[in-house]
Amino acid sequence: MFARIALFYRQVINELRKVVWPSRNMLTTYTGVVIVFVGFIIVVVSGFDAVLTKLVFWIFGE
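So in this note's numbering the end of the sequence shown lands on 126, straight run, no missing numbers.
Dropping the structure here:
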């Protein structure tokens, strides 16, 4: 049982050595893109929420 667990961890470590990690520059760029995209989605969802709120109040009254 312990031999299989040890084999699993050795295989995990071997696979992690094959990973090509991004450079600091690429990581900074990707982080910026994600932050801008999330901000854009926040604006879109907030806009839909505001429009639907006004529509519901218009239909059902305040």
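Ideal Cβ positions, reconstructed from N, Cα and C, are used throughout, including at glycine.
- Query: When you compare only the Cα positions, how much space is there between residue 113 and residue 84?
  - Reply: 41 angstroms
- For residue 126, which three-state DSSP category applies? coil
- Below-8 angstroms beta-carbon distance, residue 101 vs any chain B residue: Of the protein chains in the structure, only one exists, and it is not chain B.
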